[in-house]
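Chemist: Residue 879 in this note's numbering sits at position 879 of the sequence shown, and the numbers go up by one each step.
All C-beta atoms in this analysis are idealised placements derived from N, C-alpha and C, irrespective of residue type, glycine included.
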Amino acid sequence: MKPNSGTLVINIMNGGKAEAYEGVYQCTARNERGAAISNNIVIRPSRSPLWTKEKLEPNHVREGDSLVLHCRPPVGLPPPIIFWMDNAFQRLPQSERVSQGLNGDLYFSNVQPEDTREDYICYARFNHTQTIQQKQPISVKVFSMDSLNDTIAANLSDTDIYGAKPVTERQPVLLTPTGSTSTKVELRGNVLLLECIAAGLPTPVIRWIKEGGELPANRTFFENFKKTLKITDVSEADSGNYKCIARNTLGSAHHVISVTVKAAPYWITAPRNLVLSPGEHGNLICRANGNPKPDISWLANGVPIAIAPEDPSRKVDGDTIIFSHVQERSSAVYQCNASNEYGYLLANAFVNVLAEPPRILTPANKLYQVIADSPALLDCAYFGSPKPEIEWFKGVKGSILRGNEYVFHENGTLEIPVAQKDSTGTYTCVARNELGKTQNEVQLEVKDPTMIIKQPEYKVIQRYGQVSFECIIKHDSTLSPTVIWLKDNDELPDDERFLVGKDNLTIMNVTDKDDGTYTCIVNTTLDSVSASAVLTVVAAPPTPAIIYARPNPPFDLELTGQLERSIELSWIPGDENNSPITSFVIEYEDGLHEPGVWHYQTEVPGTQTTVQLKLSPYVNYSFRVIAVNEIGRSQPSEPSEQYLTKSASPDENPSNVQGIGSEPDNLVITWESLKGFQSNGPGLQYKVSWRQKDVDDEWTSVIVANVSKYIVSGTPTFVPYEIKVQALNDLGYAPEPSVVIGHSGEDLPMVAPGNVQVFVINSTLAKVHWDPVPLKTVRGHLQGYKVYYWKVQSLSRRSRRHVEKKILTFRGNKTLGMLPGLEPYSSYKLNVRVVNGKGEGPASPDKLFRTPEGVPGSPSFLKITNPTLDSLTLEWGSPTHPNGVLTSYILKFQPINNTHELGPLVEIRIPANESSLILKNLNYSTRYKFYFNAQTSVGSGNQITEEAVTIMDEAGILRPAVGAGKAMASRQVDIATQGWFIGLMCAVALLILILLIVCFIRRNKGGKYPVKEKEDAHADPEIQPMKEDDGTFGEYSDAEDHKPLKKGSRTPSDRTVKKEDSDDSLVDYGEGVNGQFNEDGSFIGQYSGKKEKEPAEGNESSEAPSPVNAMNSFV
């Protein structure tokens, strides 16, 4: 053995015989924890024995007969490679007539005169010993019928000579294997070789089929001129009857080989190492399959477990060892042996019982850098036994991290799904188990993302001009960006015309080859951004005399060289119109299937005027040509003459073949039908075949019309099927289609998830666990699990309400989920159901759980009533959502002084059963601000605020003003809200109304007002009529003047005043500055010729308000 190694070296170079070391070897590695053993290693010396001496008689054969030259090589280890050569060491030619069999013999289906020779030599090459052994030469003499007739003619009469027959043809006869049937056993995963060699004249042709099935695609090969069938990587599905058929013009012969595929043991579940803590439980599972089914046996430290030292924590149950309440002495290496007659498997599994305090493997103070709004993953690789619990903290004295903004992985990693700038800091990982605890700090830095704040823009530039693309970026100051420019997703050309600046790319002397897409890529160590723009290079403006236009359409289309699958099309180009033709586009129309619809066929360079076109069968072709230059595309040419190709069998099969059941007992097979021209001929149909995977050997087939669906009824529920759909028409079948896997219809799941457990994380979040249902009971594609949960009642309010069930769906085969948004201090129920494509399975039994208390909501209201000089009464309602048992209310208040600042804050704690409070000893005529909130044992809830004012005196009460939580409040009091002012204004308004009514009554009695006479007598120059253009009233007059009393009004001819006109006049003059009424209602005193515009409060009209408006202004 090598030092410090388990390698065993056997060296016979210095003497000794290999045979002395022949045998079976096994390696055992042992320490205080146990013993592991290796697989058996078999050592056998190679052998290359000599050929046995034998006397070989010459072979005399009649022309046309069959012949077998036997090789019979010596048995060697490993077996030799056989080949036939002549004396000149040249390989003998082989063909369908002459070939070498798998056993090394040389077979002649029929001999010919040229087969006569004396040096047929069989060679055996032993690769391992690098030697070649030679058999003695074999002589073959072939007698032709002509020479045989000459010999017979010398001894027989003329009459008998005519009885010699020429070479006769014979129907096939199998040389190997013999008989009509044989058997073959092969191991799973090996290469299956089946051989059939036949005699006959003419030389037979061999064909292979599998009875009741198809030869496996992609794994089937034919060798030795199809005399050998080779199937690689065989499995149990390849078992069956294989028939070889030898056929010539006179008949056929066949042989059936029954193939059975056996299997040496192979793993389903190999045992894996197990690390347990003292007192824990665990299982070692060893599951293998094979044909026949292997036997499972266990060893402990290399000793059969039945005679190994007894361990009370260990129990063997077939292919499983169950450990319970293990101790450190339970550590051992267990071996699982799975064996049958074709081989065995051996695997070691180390059961290590450890008691280790936690260790954190992640380096201390490791720095993580991420871009804002992207995930951050902070590692905390750990080891310990029992398995440590992991907790994360932020900062040196931060609280434990919880909540939906974090994801805690099983391997200890902390994930921040959306890291923000304020996520930067020190994070501490703590690992603890019952043997101790340890911690490690890591650093997280969140960087600003890199952005391109000014992107390159699309440019159109003339040849030989200059163009510049900008790429201005913004990035985190701690990152160093690099800017790379690409052209058409490749590096910039190595050309001095391309100038790359700090934030731009400039191209000098632009040419046509510079046309393309330019991309600016900004890279940092953490992120990458890019932006692109297209550069279009156009020709310089043409001289006015030159007009560039699209080309004229081609003409004179001609079809020549018509074949079944190709044709030649030629044409004459139209005028280029000063822009060279760059290409021609050829389109075709299928007048048989899609008349009037033109399809793209191909495109050729503008210098080419003929093209060889590939055609499909059963299409009535017409072609047209379109010319293309830099300006655009021409109009299509006139269509060519039509050409109808011949029909043929389909070249392809339908695509997108699927098998999905719509009911539990059916299989719906669908496919995409072939297009019209893909049919290659009339009578398009489909052969639909199916069989149950790994169950049925025979295919069930049906031929359907040109449809795209077929329904198979009476299938088992949700089992896999092999499906294939083959196209056919009146001329034959398409190539063999590929096999797809589908499933019959799903049914509702049968069982509910078990072992449902709920873990309440906080007052609004819970985690639910369940055991997955067995896949065979899902009866369909497992889509996930649904958790139904609902609130039963609130523990703080006994009233029940309508139960609203909520549903959370967890995709895939998950076994846990989070329930967010729960109400604190409430009872909930939940159940879990498995979901497949058909629907939901039965519900698990309802699981009851409760959420703990939380902080309460804000009180429902706060009212302040009964203000006095030094007291206020507060009334409130309990929180709508108490979220627990209320312990008290907290009232805080403070005065607001004349400078709008807040005074000292007073705090009062109020028992939870109170709903009102009278605050005394307050300052009079002072505004106070109140803050009010409720408390539970968890903490304080949100507060509500109000403001109120103590009264100034006993005459009235100031209305309390409601604040909105502002830090400053106003002391200003609106006089319009005071009671004494309201009463005064009402009295004034009533007095004016009485005066107006009296004036109205006196005026309706008729008569003149003596104003006119007094004006004429005094002839005061200042007393002039008011002008319409200055916005005042018109001249006052009696009825004879027929002048307007007011702008827009007229005096009637009967010298009476209409009521509405009178009202308008009284309104207009009722508020004159010096006007008043005497006892008979006449207007006395002076009035000015120009009335001042005195707008009322909030009204800029020059017109005096009506009495009603005046009253409204006082109220």
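(1) Taking the continuous beta strand (DSSP E) assigned at W208, which residues delimit it?
(2) Using the Cα positions of S5 and I305, report the straight-line distance between them to the nearest angstrom.
(3) Run through DSSP, which three-state label would F1000 get?
(4) Hey, N59 and S139: beta-carbon distance below 8 Å or not?
(5) Classify K474 as buried or exposed, calling it buried when 16 or more other Cβ atoms lie within 10 Å of its own Cβ.
(6) Going by C-alpha distance, which of N923, P541, D319 is nearest S339?
(7) Give me the Cβ distance between P617 and K646, rounded to the nearest whole Å; I'm assuming they're in contact under 8 Å.
(8) What do you reckon, are the CB atoms on T620 and A648 nearer than 8 Å?
(9) Cutting at 7 Å between CB atoms, please list the residues of its own chain near K437, excluding the five before and the five after it.
(10) Looking at the structure shown, is P867 part of a helix, part of a strand, or coil, going by DSSP?
(11) Going by beta carbon distance, what residues of the same chain come within less than 7 Å of L354, once the five residues before and after it are set aside?
(12) Tell me which same chain residues have a C-beta within less than 6 Å of the C-beta of L499, skipping the five on either side of it?
(13) Applying the 10 Å Cβ sphere with the 16-neighbour rule, what's the burial state of A705?
(14) Go ahead and pull the three-state DSSP assignment for M85.
(15) Straight-line CA distance for K2 to I10?
(16) Quick test of your reading: G659 and H743, contact by CB under 8 Å. State the CB separation rounded to the nearest angstrom.
(17) With a Cβ-Cβ cutoff of 8 Å, do L69 and D105 count as a contact?
(18) Relative to the C-alpha of R402, which candidate in V760, G591, I896 has its C-alpha closest?
(19) Ends of the beta strand (DSSP E) at D590?
(20) According to DSSP, is K1058 part of a helix, a strand, or is it coil?
(21) Output yes or no for whether 8 Å exceeds the beta carbon distance between Y686 and V725.
(22) Going by the beta-carbon positions, is the gap between V259 and L192 smaller than 8 Å?
(23) How would you call C244, buried or exposed, if buried means at least 16 neighbouring beta carbons within 10 angstroms?
(24) Any idea what DSSP makes of G732, helix, strand or coil?
(25) In three-state DSSP terms, what is E553?
(26) Using beta-carbon positions only, say whether L444 and T413 come within less than 8 Å of one another.
(27) Quickly, what does DSSP pair G817 with across the bridge? List them, please.
(28) With a 10 Å radius around its C-beta and 16 neighbouring C-beta atoms as the bar for buried, classify S48 as buried or exposed.
(29) Select from D512, I567, L559, T670 the residue whose C-alpha is nearest the C-alpha of E630.
(30) Measure the alpha-carbon distance for I890 versus F849 and round it to whole angstroms.
(31) Relative to the C-alpha of Y931, which candidate in K863, G884, C986, S827 has its C-alpha closest?
(32) If we ignore side chains and look at the alpha-carbon of each, how far apart do R971 and A948 end up?
(33) Given this structure, state the Cα-to-Cα distance separating L102 from E186, to the nearest angstrom.
(34) Quick check on this structure: which residue in P113, N489, D119 has the alpha carbon closest to the alpha carbon of D86?
(35) Contact check, P856 vs G884 under 8 Å by CB: the rounded distance?
(36) With a CB to CB cut of under 7 Å and the five nearest residues on each side skipped, what residues in its chain are close to V316?
Modeler: With the structure as the only source:
(1) First-last of the beta strand (DSSP E) with W208: 205 to 210.
(2) Approximately 28 Å between the Cα atoms of the pair.
(3) Look at F1000 here: in three-state DSSP terms it is helix.
(4) With respect to the 8 Å criterion, N59 and S139 are classified as neighbours on the basis of their beta carbons.
(5) K474 sits exposed, since fewer than 16 C-beta atoms from the chains shown fall within 10 Å of its C-beta.
(6) Of N923, P541, D319, the residue nearest in Cα terms is D319.
(7) With 8 Å as the limit, P617 and K646 qualify as a contact, their Cβ atoms being about 6 Å apart.
(8) Thr is not the amino acid found at residue 620; the sequence shown has Asn there. No, they are not a contact pair.
(9) Take K437, set aside five residues on each side of it, and the residues of its chain with a beta-carbon closer than 7 Å to its own are P358, V430, A431, in chain order.
(10) Reduced to three states, the DSSP call for P867 is coil.
(11) For L354, the CB contacts under 7 Å within the same chain, skipping 5 residues up- and downstream, are V275, S277, S385 in chain order.
(12) These residues qualify, in order along the chain: T506.
(13) A705 should be labelled exposed.
(14) Three-state DSSP puts M85 in a strand.
(15) The C-alpha of K2 lies about 11 Å from the C-alpha of I10.
(16) At roughly 7 Å, the Cβ-Cβ gap stays under 8 Å, so G659 and H743 are in contact.
(17) In this structure, L69 lies near D105, with their beta-carbon atoms less than 8 Å apart.
(18) When only C-alpha atoms are compared, the closest one is V760.
(19) First-last of the beta strand (DSSP E) with D590: 583 to 590.
(20) Bear in mind that a pLDDT of 39 at K1058, under 50, signals an unreliable position, so the model cannot answer this.
(21) A contact, by the Cβ cut-off of 8 Å.
(22) For V259 and L192, yes; Cβs fall inside 8 Å.
(23) Of the other Cβ atoms in all chains shown, 16 or more fall within 10 Å of the Cβ of C244; this residue is therefore buried.
(24) Looking at G732 - three-state DSSP - the assignment turns out to be strand.
(25) According to the sequence displayed, residue 553 carries Pro and not Glu. In the structure shown, P553 sits in coil (DSSP, three-state: anything other than H, G, I, E or B).
(26) Contact annotation: L444 and T413 have beta-carbon atoms that are not nearer than 8 Å.
(27) Per DSSP, V768.
(28) Flag for S48 reads buried.
(29) Here the closest residue by C-alpha is D512.
(30) Just so you know, the alpha carbons of I890 and F849 end up roughly 32 Å apart.
(31) Residue K863 holds the alpha-carbon nearest to the alpha-carbon of Y931 among K863, G884, C986, S827.
(32) Reliability of the predicted coordinates at R971 is poor, the pLDDT of 37 falling under 50, and the value obtained from them is presented with this limitation in mind. About 11 Å.
(33) So the alpha carbons of these two residues sit roughly 16 Å apart.
(34) Residue D119 is the option with its Cα nearest to D86.
(35) About 7 Å separates the two Cβ atoms, so the contact holds.
(36) Cβ-Cβ distances below 7 Å link V316 to W298, I305 in the same chain, with the five nearest sequence neighbours on each side left out; the list follows chain order.
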